[in-house]
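The block underneath contains the structure these notes are about, expressed in structure tokens.
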Amino acid sequence: MRYYSTNKSTPDVSLKEAVIKGLAADNGLFMPEKINKFDASFFERIHKLSFQEIAFEVAKKFFGEDIEEEKLKEIVFETLQFDCPVVKVSESIYSLELFHGPTLAFKDVGARFMARLLNYFLSNRKDPVNVLVATSGDTGSAVANGFLGVEGIQVFVLYPKGKVSKIQESQFTTLGKNITALEIDGTFDDCQHLVKTAFLDEDLNKKLILTSANSINVARFLPQAFYYFNAYARLKEKGILENKELVISVPSGNLGNITAGLFAMEMGLPVSKFIAANNTNHVVFDYLKSGNYKPVSSVETLANAMDVGAPSNFSRILDLYRYSHKTISKIIDGYWYSDAQIKEIVKNVYTETGYLCDPHGACGYEALRESLSENQLGVFLETAHPAKFTETVEKIIGKGNVKLPKKLAAFMSGEKKSNYLSSDYVDFRNFLLRFTT
Ligand SMILES: *Cc1c(COP(=O)(O)O)cnc(C)c1O
């Protein structure tokens, strides 16, 4: 399969090149040249397959031309060493729980897949590969843990100082080994800008092999389609999809997750509509309503993994639907919630149903509650475990009410090691060169 750039001013590349480069040479994002569809018969039997089996079928559609079947199966099965179950919250609303992986957030799926794919493609290399990742919280931990201990790969995690929770920070600053944490004096967008600048720095790229593990990388973003198919399968298995339209609500920041869902739909997954649920950073909502896309600086909110003012995967959505606002706004609906509303939602869902949402999932839930009609069934993506945001969540529902899973407690007891840097590109560049030579 060939991959083209959304900016269309650089030649197509192979999967291997797309994965290693991350970002296209013209600053665009890679897109597969075609989207292979499933026959209707696949959806007739999908509920008889396990999550891993479904994921393997989906992976073959994406990567089948480029990786031997046995190897691909191994990568998929090793990636998915945990489940993504669908849990009932109310009569017509279900939660797709994506927090059962090692760092308790959905990014584990893409990060673990990418680490394995990169290792496969680079198994004969001589020079070390440097993975650069900017994080607003959960990406850093998922990528760091996905790559931890993988030989010949150095990971640099850039995060905005003071803007990620203690728990999130502990998940990428305590690992050591091939993981280096960089605490940047700036915002998430500054971190993202540093990473993008490094990729476009020709001289630096002659000296170092650089790759990105942000949601822009096709190896991270495409595997996220796996769990959309699984959600459908598990609902079908429960027999509750009869005569119902499926609406999927995705708490969105950089839009990688929802874009993977849109790919699933293009592959034939029967979804009637997607919802992009935003926090106060609602450029997507504004675009859907007005047709005008105006990226802005991000502002801090309680759902901080969605604090994105210029969502990187927006260009993929535009490309997928040929820049048609009419098509895009028919397929995707937009909602957004302020911090005050998020608190209210977490509290109400907890008292009314007993289900504890994290601040991101809460936005996804509420958008369904507001929008669902009689003949619709809604699934929201519970993108992280509420315990990752214990401070916030306990302020809402009371102290001592959030149980810290064992996996998280283990991170919290580790020692923090990180390097403090300004948001000036020259500092970052010098650090990389000093560190790697
Ligand atoms: C990253 C993240 C999001 C946003 O996902 P995108 O793919 O960037 O839209 C939402 N919730 C949580 C918990 C996240 O970590």
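Residue numbering for the sequence shown follows the numbering used here, beginning at 6 and increasing consecutively. Glycine included, every Cβ here is placed at the ideal spot set by N, Cα and C. Just so it is clear, the structure is predicted and the values come from calculations on it, not from any experiment.
query                                                                                                                   : result
Unbroken stretches of the alpha helix (DSSP H), 4 residues or longer, contained in the segment 158-221                  : 171-178, 193-205 and 207-212
Lys-171 burial status per 10 Å Cβ neighbour count (16 or more: buried)                                                  : exposed
Burial state of Gly-151 (16 or more Cβ within 10 Å)                                                                     : buried
Residues bridged to Val-384 (per DSSP)                                                                                  : Tyr-99 and Ile-253
Distance between beta carbons of Gly-157 and Val-134, contact taken as under 8 Å                                        : 6 Å
Pairwise C-alpha distance: Phe-193 and Gly-314                                                                          : 10 Å
Check: Thr-388 C-beta below 7 Å from any heavy atom of ligand 1                                                         : yes
Cα-Cα separation between Val-288 and Asp-44, rounded to whole angstroms                                                 : 36 Å
Thr-144 CB to nearest heavy atom of ligand 1 below 7 Å                                                                  : yes
N- and C-terminal bounds of the beta strand (DSSP E) containing Gly-339                                                 : 337-341
Pro-256 beta carbon near ligand 1 (any heavy atom closer than 7 Å)                                                      : yes
Reduced DSSP secondary structure (H/G/I, E/B, other) of Tyr-9                                                           : strand
Contact between the segment 216-226 and the segment 349-369 (3+ Cβ pairs under 8 Å)                                     : no
Ile-72 beta carbon near ligand 1 (any heavy atom closer than 7 Å)                                                       : no
Delimiting residues of the alpha helix (DSSP H) encompassing Met-36                                                     : From DSSP, Met-36 is part of no alpha helix (DSSP H) but of the beta strand (DSSP E) over 35-37.
Distance cut-off 7 Å: Ala-116 Cβ against heavy atoms of ligand 1                                                        : no
Closer than 7 Å: Asn-259 CB and nearest ligand 1 heavy atom                                                             : yes
Leu-205 classed as buried or exposed, judged by whether at least 16 other C-beta atoms fall within 10 angstroms         : exposed
Counted within 10 angstroms of its Cβ, other Cβ atoms place Pro-364 as buried (16 or more) or exposed                   : buried
Three-pair Cβ contact test at 8 Å for the segment 205-218 versus the segment 9-20                                       : no
Simplified DSSP state of Leu-274, which is helix, strand or coil                                                        : coil
Buried or exposed by the 16-neighbour rule on C-beta atoms within 10 Å, applied to Ser-378                              : exposed
Length-filtered (3 minimum) beta strand (DSSP E) runs lying within the segment 64-136                                   : 91-95 and 98-102
DSSP-derived helix/strand/coil call for Tyr-237                                                                         : helix
heavy atom of ligand 1 below 7 Å from Ile-221 C-beta                                                                    : no
CA-to-CA distance, Glu-49 to Ala-230, given in whole angstroms                                                          : 18 Å
Ala-310: CB within 7 Å of a non-hydrogen atom of ligand 1                                                               : yes
Neighbourhood of Lys-42 by C-beta distance below 6 Å, restricted to the same chain and skipping five residues each side : Met-272 and Gly-273
Status (buried if at least 16 other CB within 10 Å, exposed otherwise) for Gln-159                                      : buried
Cβ-heavy atom distance, Val-110 to ligand 1, below 7 Å                                                                  : Checking the sequence, you will find Ala at residue 110 rather than Val. Correct: Ala-110 has its Cβ closer than 7 Å to ligand 1.
Heavy atom of ligand 1 within 7 Å of His-365 beta-carbon                                                                : yes
heavy atom of ligand 1 below 7 Å from Ile-263 C-beta                                                                    : yes
Beta-carbon separation (whole angstroms), Ile-280 vs Val-252, contact threshold 8 Å                                     : 7 Å
Close Cβ partners of Lys-241 (< 7 Å) along its chain, the five nearest in sequence each way excluded                    : Ile-51 and His-52
Pro-90 versus Leu-163: straight-line alpha-carbon distance, rounded                                                     : 31 Å
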